[in-house]
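Enquirer: Taken in order, these protein sequences are the chains called A and B.
For the first sequence, the residue numbers in the numbering used here are 73 to 263.
For the second sequence, the residue numbers in the numbering used here are 73 to 263.
Cβ coordinates follow ideal geometry from the N, Cα and C atoms, glycine included.
Here the structure is a predicted model, which means the values were calculated and not measured.
Protein chains: 2
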Amino acid sequence: MPESHLQALLAFFKAMSNESRLRLVGLLSERERSVQELAELLDLKEPTVSHHLAVLKELGLVTVRAAGTTRWHALDAQALEAMNRALLEPAAALAPPAAESWEDKVLATFVEPDGTLKLIPASRRKRTVILKWLTAKFQDGRRYPEAEVNATIQRHHWDSATLRRELIGAGMMARHDNVYWRMPAADWRLG
Amino acid sequence: MPESHLQALLAFFKAMSNESRLRLVGLLSERERSVQELAELLDLKEPTVSHHLAVLKELGLVTVRAAGTTRWHALDAQALEAMNRALLEPAAALAPPAAESWEDKVLATFVEPDGTLKLIPASRRKRTVILKWLTAKFQDGRRYPEAEVNATIQRHHWDSATLRRELIGAGMMARHDNVYWRMPAADWRLG
DNA sequence: CAAATCAATCGATAGACATCTAATTAGATG
DNA sequence: CATCTAATTAGATGTCTATCGATTGATTTG
């Protein structure tokens, strides 16, 4: 078993092995919530909730979006699924690590481990990689009001207006009557 | 989220959130091993390994088979898969618990939580349930020498000779030249 | 700017737990 | 039965961490 994979698994299990954090993940799986709200629901003080959220953010399982003085925390469903997939494939645990693709390198360059987009790449080709990654934050087949699109993007970058337009421009998302949805990959305008 | 499911998940995560135990599961996933051997490989003292094995046994993830003064510990691959499946389906976490089937009740009656078969049911119908459960301990498509068949059965009951014959009789396993293999469910002789 | 709100950080504490040594149990063997 | 081997149990210890109260920081609003 490669050491790095073991450590990643271990970090994930440690994060989920505390009752408060497990409940917290359950609550966030429904919708984004504020620290106050979580403290109330979990019957904990706010500093304690902050602490737990920090642990989950460190792993990239939770992202934040600031609105006024309130900070909305949400589960990154993509990251959670990736963890689960890793658990399910014991073969992967023994296989040699796959070579890092060019796209992985772009992502590593522009995205912080906690999911924050450092800046929007100027190069069209690199921007496309980021847009693909961002598209994956939206569920296939679901309809999103504009406010929710903005909120979702803002978990990763402040400029939701620009990125929203880029997603439409790349054909990755579509809009009608201020309702947005994800497009099948076949329809994306790449290159 | 139903409380019992949360607690089960929590127990699983707690078990896997310790580096020694995680390595231990990795080692047992290859083959069964003794406490001595594990202590050597993990660079721990034997009592420590015993402690960790007790945790995993409590959850039914590990079973034991005694041979002389040595006790061979093995992963219950079936139990581990079941845990993983439970993790993967967040919907299941919210759904009302399914009604317990008659087969579940039979299993609960005759099998200890740690995987030990209390006794072999006298009733043919109940015995079939147990045999199905036992068959699932063998991988599909793999060939087993008789010694390994016995070892596997003995993790659950001392009388491997009787149970081995029953498995053959029920058409769940087949033998040729002292090599055994699992049969497709379509060929089982039920009722 | 002042006051209010929401959250993060700091420092302290109590409880959980991983690990060890020492003692005990259980089985095998002469 | 005495002895040897393998493993578990008991007890002790040090480390980690979940939680809290108090403080500080950031943002909005009067």
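#1: Look at the alpha carbon of M245 (chain A) and the alpha carbon of K198 (chain A), and state the distance between them as a whole number of angstroms.
#2: Could you check if G54 (chain B) is buried or exposed, using at least 16 other CB atoms within 10 Å of its CB as the buried criterion?
#3: Can the beta-carbon of R236 (chain A) be found less than 8 Å from the beta-carbon of N250 (chain A)?
#4: Rounded to a whole number of angstroms, what is the C-alpha to C-alpha distance between Q211 (chain B) and L131 (chain B)?
#5: What whole-angstrom Cβ distance do L113 (chain A) and H145 (chain A) have, given they're in contact under 8 Å?
#6: With 16 as the cutoff for other CB atoms within 10 Å, does E238 (chain A) come out buried or exposed?
#7: If we cut at 8 Å on Cβ distances, does K86 (chain A) have a partner in chain B?
#8: Suppose only complete runs of 3+ residues qualify. What are the beta strand (DSSP E) ranges in the region 84-145 of chain B, listed by chain order?
#9: Counting only beta-carbon atoms, is R103 (chain A) nearer than 8 Å to chain B?
#10: Determine whether the beta carbon atoms of T200 (chain B) and A257 (chain B) lie at a separation below 8 Å.
#11: Ordered along the chain, which non-local residues of its own chain (more than five positions away) have a Cβ less than 8 Å from that of M88 (chain A)?
#12: Mind listing the chain B neighbours of E91 (chain A)? Cutoff is C-beta to C-beta under 7 Å, in chain order.
#13: Is the shortest distance between the beta-carbon of L94 (chain A) and the beta-carbons of chain B less than 8 Å?
#14: Hey, is A167 (chain A)'s beta-carbon within less than 8 Å of any beta-carbon in chain B?
#15: With C-beta atoms as the reference, is V107 (chain A) less than 8 Å away from E118 (chain A)?
#16: Alpha helix (DSSP H) containing R199 (chain B): first to last residue?
#17: Can you tell me which of A:V183, A:H228, A:A208 and A:D231 puts its alpha carbon nearest to the alpha carbon of R254 (chain A)?
#18: With 8 Å as the limit, tell me which residues of the region 115-138 of chain A have their beta carbon closer than that to any beta carbon of chain B; keep them in chain order.
#19: What residues match up with W253 (chain B) in a beta bridge as DSSP calls it?
#20: Taking L78 (chain A) as the query, report the chain B residues whose CB atoms sit under 9 Å from its CB, ordered along the chain.
#21: Could you please give me the residues that DSSP links to V183 (chain A) through a beta bridge?
#22: Could you check which residue in A:L203, A:I225 and A:T135 has the C-alpha nearest to that of A151 (chain A)?
#23: Determine the burial state of A163 (chain A): buried for a count of at least 16 other Cβ atoms within 10 Å of its Cβ, exposed for fewer.
#24: Keeping to the same chain, check which residues put their C-beta closer than 6 Å to that of R215 (chain B); ignore five residues upstream and five downstream.
#25: Verify whether the separation of the beta carbon atoms of D148 (chain B) and L133 (chain B) is less than 8 Å.
#26: Spell out the partners DSSP gives L147 (chain A) in its beta bridges.
#27: Can you look up S232 (chain A) in the DSSP assignment and give me helix, strand or coil?
#28: By how many angstroms is the C-alpha of S122 (chain A) removed from the C-alpha of H248 (chain A)?
#29: Helix, strand or coil, according to DSSP, for L262 (chain A) in the structure here?
Expert: Taking the geometry as given:
#1: Rounded to whole angstroms, the separation of the alpha carbons of K198 (chain A) and M245 (chain A) is 18 Å.
#2: A question about residue 54 (chain B) goes unanswered here, because the residues of chain B that appear run from 73 up to 263.
#3: Going by C-beta atoms, R236 (chain A) is not nearer than 8 Å to N250 (chain A).
#4: Looking at the two C-alpha atoms, the distance is approximately 21 Å.
#5: With a Cβ gap of about 12 Å, L113 (chain A) and H145 (chain A) do not count as contacting.
#6: Its Cβ being crowded by 16 or more others within 10 Å, E238 (chain A) is buried.
#7: Yes, contact with chain B.
#8: You should have 134-139.
#9: R103 (chain A) does not count as touching chain B.
#10: Between T200 (chain B) and A257 (chain B), the gap from beta carbon to beta carbon reaches 8 Å or more.
#11: Cβ neighbours of M88 (chain A) beyond the five flanking positions: L94 and V97.
#12: Going along chain B in sequence order, the residues near E91 (chain A) (Cβ under 7 Å) are L82.
#13: True, the Cβ-Cβ gap to chain B drops below 8 Å.
#14: Summary for A167 (chain A): the model assigns pLDDT 33, below 50, so the residue's position carries little reliability, and this model does not support an answer.
#15: Yes, Cβ-Cβ distance for V107 (chain A) and E118 (chain A) is below 8 Å.
#16: Residues R196 to T207.
#17: Scanning A:V183, A:H228, A:A208 and A:D231 for the CA closest to the CA of R254 (chain A) turns up A:A208.
#18: Listed in sequence order: no entries.
#19: Answer by DSSP bridge pairing, in chain order: B:R215 and B:A246.
#20: Under a criterion of Cβ atoms nearer than 9 Å, the residues of chain B adjacent to L78 (chain A) are, in order, E91, L94, R95 and G98.
#21: Secondary-structure assignment with DSSP links V183 (chain A) through a beta bridge to A:L189.
#22: Minimum Cα distance to A151 (chain A) is reached at A:T135.
#23: Caution is warranted here: a pLDDT of 35 is assigned to A163 (chain A), below 50, making its placement in the model unreliable, and the coordinate value is therefore given only provisionally. Around the beta-carbon of A163 (chain A), fewer than 16 other beta-carbon atoms lie within 10 Å, marking it exposed.
#24: If we look at R215 (chain B) and ignore the five residues flanking it on each side, its Cβ neighbours are V251 and W253.
#25: Closer than 8 Å, so yes.
#26: DSSP, once it has assigned bridges, lists A:V134 as partnering L147 (chain A).
#27: S232 (chain A): helix per DSSP, three-state reduction.
#28: Taking the straight line joining both Cα atoms gives about 38 Å.
#29: If DSSP states are grouped into helix, strand and coil, L262 (chain A) belongs with coil.
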